[in-house]
Structures are given as structure tokens and as C-alpha cells.
Amino acid sequence: MSEVPENLKYTSSHEWVRVEQDGTVTIGITDHAQHELGDLVFVELPEIGTHLEIEDASGVLESVKAASDLYCPIAGKVIAINTALDDTPELINQSPYDKAWLFKLEPTENSMPTLLTATQYIESITNTE
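The sequence shown maps to residues 0 to 128 in numbering that gives the first Met the number 0.
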């Protein structure tokens, strides 16, 4: 079973969301997603300053198996990207919830959609296996 931290919110497209104390939002991909993709070899992230809407394609993850689009779960402006992934995309395989966050957003006002709880996410991935 994949790791699914209780303190995060999730999307059906396998992104996780953490609302920080300052109101910004950190986004990454789930442990389940990185297992499904396999060994990651390249990560393309949005540029700082880019404004994204909910479900906008916001980047690409390439593994030895396939390429997969990232989708933005929350509308907002990109304020940081994890540049460590440029040289070591495999961090996503090693630490999807800690060292391998993908990007941070300053959310647009009233842009918090309904996201899945850890329990709901577990149910969604269990029903598709």
C-alpha cells in the first residue's frame, strides 16, 4: 500500500496539496503516482510568476516507462519551484512528500476546490487497482 499522509489533501489525478501557515500552497505527486510511473528521469515544472487555473497542465514528469502531465489542483500564481528536481528527478521516487515537492502557489482568492481527504484518496486508488 502506498503512503498517504493524513495532513494533506489529494486529487483524483494523484497530486497532493498542503496549505502552509502563510496561506501559500505546496503541490507534489503522491507516492502511488510515483510508483505507477517508475523511475523518474526528467521533470518539467511551470515558471515562477505563471498564473494557473484549476486543472491546467502545469508540467510533465518523464519516467523510464512513460511521460505524464501534471495538473494544477488550485488556481494561483507560481511563487517557487523545486529546482533540486532539475538535477535529481529521482528524489520524487525517494521522497514524494518531503524533499520532492514540485511547486508552490499563492492561491487566487476563493480558489480552494473540494479536494480528497487521505481516506477518500485511498478509496479511489484501491478501487482502481
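Heads up, the beta-carbon is just placed ideally off N, CA and C, and yes, glycines get one too. Since this is a predicted model, take the numbers as computed values, not measurements.
Endpoints, the beta strand (DSSP E) within which residue i is located
| i | result |
| --- | --- |
| D68 | A66 to Y70 |
| L39 | L39 to E43 |
Limits of the alpha helix (DSSP H) - the one that residue i falls within
| i | result |
| --- | --- |
| E35 | D30 to L36 |
| A99 | A99 -> no alpha helix (DSSP H), and no H or E assigned at all. |
| E122 | A117 to T125 |
Contacts around residue i, its chain only, beta-carbon distance under 6 Å, and the 5 residues preceding and following it disregarded
| i | result |
| --- | --- |
| A32 | H13 |
| H50 | K76 |
Cβ neighbour criterion (16 or more within 10 Å) applied to residue i
| i | result |
| --- | --- |
| D38 | exposed |
| D68 | exposed |
| N86 | For the sequence presented, residue 86 should be read as Asp rather than Asn. Looking at its Cβ environment, which holds fewer than 16 other Cβ atoms inside 10 Å, D86 is exposed. |
| N6 | exposed |
| V59 | exposed |
Residue i in three-state terms, based on DSSP
| i | result |
| --- | --- |
| E89 | coil |
| L84 | helix |
| S62 | strand |
| D27 | Note that residue 27 is Gly in the sequence shown, not Asp. The answer is strand: DSSP assigns G27 an E or B state. |
| I78 | strand |
| E14 | strand |
| L114 | coil |
| T106 | According to the sequence shown, residue 106 is Pro rather than Thr. DSSP places P106 in strand when its eight states are reduced to three. |
Residue i versus residue j: straight-line alpha-carbon distance, rounded
| i | j | result |
| --- | --- | --- |
| I26 | K64 | 23 Å |
| E19 | N126 | 30 Å |
| A66 | A99 | 17 Å |
| S62 | Q93 | 14 Å |
| N129 | L101 | No answer is possible for residue 129: it lies beyond the span of the chain, which begins at 0 and ends at 128. |
| L36 | D30 | 10 Å |
| A4 | P45 | Ala is not the amino acid found at residue 4; the sequence shown has Pro there. Going from the Cα of P4 to the Cα of P45 covers about 25 Å. |
| G22 | V40 | 31 Å |
| L104 | D55 | 13 Å |
| V24 | Y96 | 13 Å |
Same chain only: Cβ atoms within 8 Å of residue i, ignoring 5 sequence neighbours per side
| i | result |
| --- | --- |
| I53 | C71, P72, I73, A74, S110 and P112 |
| Q119 | Y9 |
| E34 | Note that residue 34 is His in the sequence shown, not Glu. Excluding residues within five positions, the ones whose Cβ falls inside 8 Å are S1. |
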